[in-house]
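A.B. asks:
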Amino acid sequence: MTPKDEIHVPINSDSDIVTARQQGRTMALEAGFGDTDLTVISTAISEVARNIVEHALSGEIILRIEHNGSKAGLVITARDDGPGIPDIALAMQDGYSTGKGLGLGLPGTKRLMDEFDIVSDPEIGTTVIMKKWRN
Amino acid sequence: MNGKKKEVRRRIPGEEFPAAGQNALAVEEPTAELLTELVAHLRENRTQLREEWARRITESQFLTAMTKEEVFKEATAVYDNYVAVLETGSVEALQAYALDLSERIIPRGVETREVLGIVLLLRDVLARSLFKKYQGDFALLNRVLDAYEPAANRIANTVAVSFVRERERIIRQQQEAIRELSTPVLQVRERLLILPIIGVIDPQRARQVTEQLLRGIRANRARVVVIDITGVPAVDATVANHLVQTVDASRLMGATVIVTGLSSEIAQTLVTIGVDLTKMKTVGDLQGGIEEAERLLGYKICSSADQGFAKMA
Amino acid sequence: MRVPILKQGKYLIASIQSALSDYELLQLRDDLAAQVGKYRTRGVIVDVTVLDVMDSFAVRTLRAIAQIARMRGAETIIVGIQPEVAFAMVQLGLTLGQVETALDLEEGLALLDDRTRQDGNRDAER
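Chains as they are written, first to last, in the numbering used here: chain A, 1 to 135; chain B, 1 to 313; chain C, 1 to 126.
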């Protein structure tokens, strides 16, 4: 794997959210995703990046193209060392929100993606790994 | 269309055609020498071997959809590519040629077994010529075959995989076309679109219908959309949610959606499973839906008999 | 970059020119709130044609703009949401609630004319 296949975007402020989703869109475009998927992917990146800014102040978004047989997919990892999410099951319920959002952040983002995993620990922080496969 | 094709075909880094004996060509010097000798032999006897192969293709009744001249022309190209692969060890040019050839012959009804058949015939024709050339030296023949066979297998594999891949791509493209045809977005009047949905809705189709409708709204500058689901056999919670999403998305683009053709059974099901359709404008049948749409667009509805009166008033 | 706000008759038109950060969105909200009061505006149009993403923050801010404008006597119409953006928004679960939308600026202006005329008639009847 060449280094270009993976991009790290540090997330420290709200303007980094824009950078992260634009990088994600570019990478997805190169991987051959269609228009609707490009928008869906950028929206999902925007949500998880905002989650970092609102809850953890700093973290990073890692973008990577993955191949599974003839399928290509974009893997998005959002990592922070913030306080963690005490009750993930609760956070993943529609309508739940601790931040200033509409309470759709994580469950809504999950709906946008094909795969979605979240791990959180008060000591280590929160990591979201999500994937979108190209049709 | 060409652009789309290129995109699909674009080789993904790190992805290779699966090949039998992939590393067989990168072996020790003697094999390389033997292959060089082999290539020289195939070049020398090109005319005769190529003719022999074309003859066997005709005999085996392969490629009957093509004329004799066409078969000979393609056979020549495949033969030269074949020799080039043996010489360079790289299948890329052959791969590109095989994809191109497949694209030309698939629409004419050439089948996978024929493509496999002709490649195996060539392998056979060449092997026989090697037997003949080296029959005096059994040990040498063995070594030549050891060098030839993995390469030949790899070539057969490349051609077959390219063909199957091209077939799959065409099938996907056709599926896409059929799906698009199955849900036409019709403009019946300025600013008014009708979307008759017929048949089962699965998530993939629901997504496609929505995307098509949203693009239709922009292209036709539609203000009202009538979605008729008379032809949808069953509506469960998933389908209903897709419908709600379609309505919401159209609304975001400034269009009002009217849903028609909700049968009483479907309506009851939706109430039972608790789908919230209050946000949705529904009208019993398509005709009523169109009338409502025209009202929203500011058209006056009147029967032809009333027209004189309407003008007077 | 600050979003330019154009005053056209009794309306304000904010036409977004590029992707906006959260801060720039909030700035737009504040600028519009100030100008609605200053010019006694009857209608606000926010043109989002160039936005290729509308996430929960953007939607929340647009809703806030509409609510603030309404409290100060102006209708808000969001115009130019692109098909892909609309699709992603509903998948995420976002809608604009009571906020009106139109296909583009032209449609938005027509809709505002329509709305303010209705209001005017109602006022006259009283």
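Heads up, the beta-carbon is just placed ideally off N, CA and C, and yes, glycines get one too.
#1: Relative to the C-alpha of proline 83 of chain A, which candidate in A/Glu123, A/Glu47 and A/Val48 has its C-alpha closest?
#2: Let's test the definition: count the other Cβ atoms within 10 Å of the Cβ of tyrosine 82 of chain B and tell me whether it reaches 16, buried, or not, exposed.
#3: Since glutamine 22 of chain A is in the alpha helix (DSSP H), which residue starts that stretch and which ends it?
#4: What does a CB cutoff of less than 8 Å around leucine 103 of chain C pick up in its chain, not counting 5 residues either side in sequence?
#5: Going by the beta-carbon positions, is the gap between isoleucine 45 of chain A and isoleucine 62 of chain A smaller than 8 Å?
#6: Does the separation of the CB atoms of threonine 76 of chain C and alanine 64 of chain C fall below 8 Å?
#7: So the alpha helix (DSSP H) lysine 279 of chain B belongs to, where does it begin and stop?
#8: Are at least three pairs of beta-carbons, each pair with one atom in the stretch 71 to 80 of chain B and one in the stretch 44 to 61 of chain B, less than 8 Å apart?
#9: At what residues does the alpha helix (DSSP H) containing glutamate 103 of chain B begin and finish?
#10: How about leucine 130 of chain B and leucine 145 of chain B: are their beta carbons less than 8 Å apart?
#11: Output, in sequence order along the chain, the residues in the stretch 22 to 54 of chain C whose CB is closer than 7 Å to any CB in chain A.
#12: Please return the same chain residues whose Cβ sits closer than 6 Å to the Cβ of arginine 251 of chain B, not counting the five positions on each side in sequence.
#13: What in chain B is Cβ-close to leucine 103 of chain C, meaning under 9 Å?
#14: Do you know offhand how far aspartate 114 of chain A's Cα is from aspartate 22 of chain C's?
#15: Determine which residues of the stretch 56 to 71 of chain C have a Cβ less than 8 Å from any Cβ of chain A, and write them out in chain order.
#16: Out of B/Ala156, B/Thr58, B/Glu37 and B/Thr36, state which residue places its alpha-carbon closest to the alpha-carbon of valine 119 of chain B.
#17: Look up methionine 71 of chain C in the DSSP assignment and say whether it is helix, strand or coil.
#18: By Cβ distance below 8 Å, which residues in the same chain neighbour threonine 112 of chain B in space, the five residues on each side in sequence not counted?
#19: Which of the residues in the stretch 77 to 100 of chain C, read from start to end, lie with their CB under 7 Å from any CB of chain A?
#20: Any chance you could list the alpha helix (DSSP H) runs of at least 4 consecutive residues sitting entirely within the stretch 33 to 97 of chain B, in chain order?
#21: May I have the straight-line CA-CA distance separating valine 259 of chain B from threonine 126 of chain A, to the nearest angstrom?
#22: With a cut-off of 8 Å, does the C-beta of alanine 110 of chain C fall near any C-beta of chain A?
#23: Using a Cβ-Cβ cut-off of 8 Å, state whether glutamate 107 of chain C counts as contacting chain B.
C.D. replies: Once the coordinates are examined:
#1: A/Glu123
#2: buried
#3: Its alpha helix (DSSP H) spans residues 14 to 30.
#4: Val79 and Gly80
#5: Taking 8 Å as the Cβ cut-off, isoleucine 45 of chain A and isoleucine 62 of chain A do not qualify as a contacting pair.
#6: no
#7: Counting along the chain, lysine 279 of chain B falls outside any alpha helix (DSSP H), and DSSP gives it neither H nor E.
#8: yes
#9: 92 to 105
#10: For leucine 130 of chain B and leucine 145 of chain B, yes; Cβs fall inside 8 Å.
#11: Taking 7 Å as the Cβ-Cβ cut-off against chain A, the residues of the stretch 22 to 54 of chain C that qualify are Asp22, Tyr23, Asp52 and Val53.
#12: none
#13: Ile217, Arg218, Arg221, Ala222, Arg223, Met253, Gly254 and Ala255
#14: 27 Å
#15: Ser56, Phe57, Val59 and Arg60
#16: B/Ala156
#17: helix
#18: Ala160, Phe163, Val164 and Arg167
#19: Glu84, Val85, Phe87, Ala88, Gln91, Leu92, Gly93 and Leu94
#20: As far as the stretch 33 to 97 of chain B is concerned, its whole alpha helix (DSSP H) runs of at least 4 residues are 46 to 59 and 68 to 88.
#21: About 43 Å.
#22: no
#23: yes
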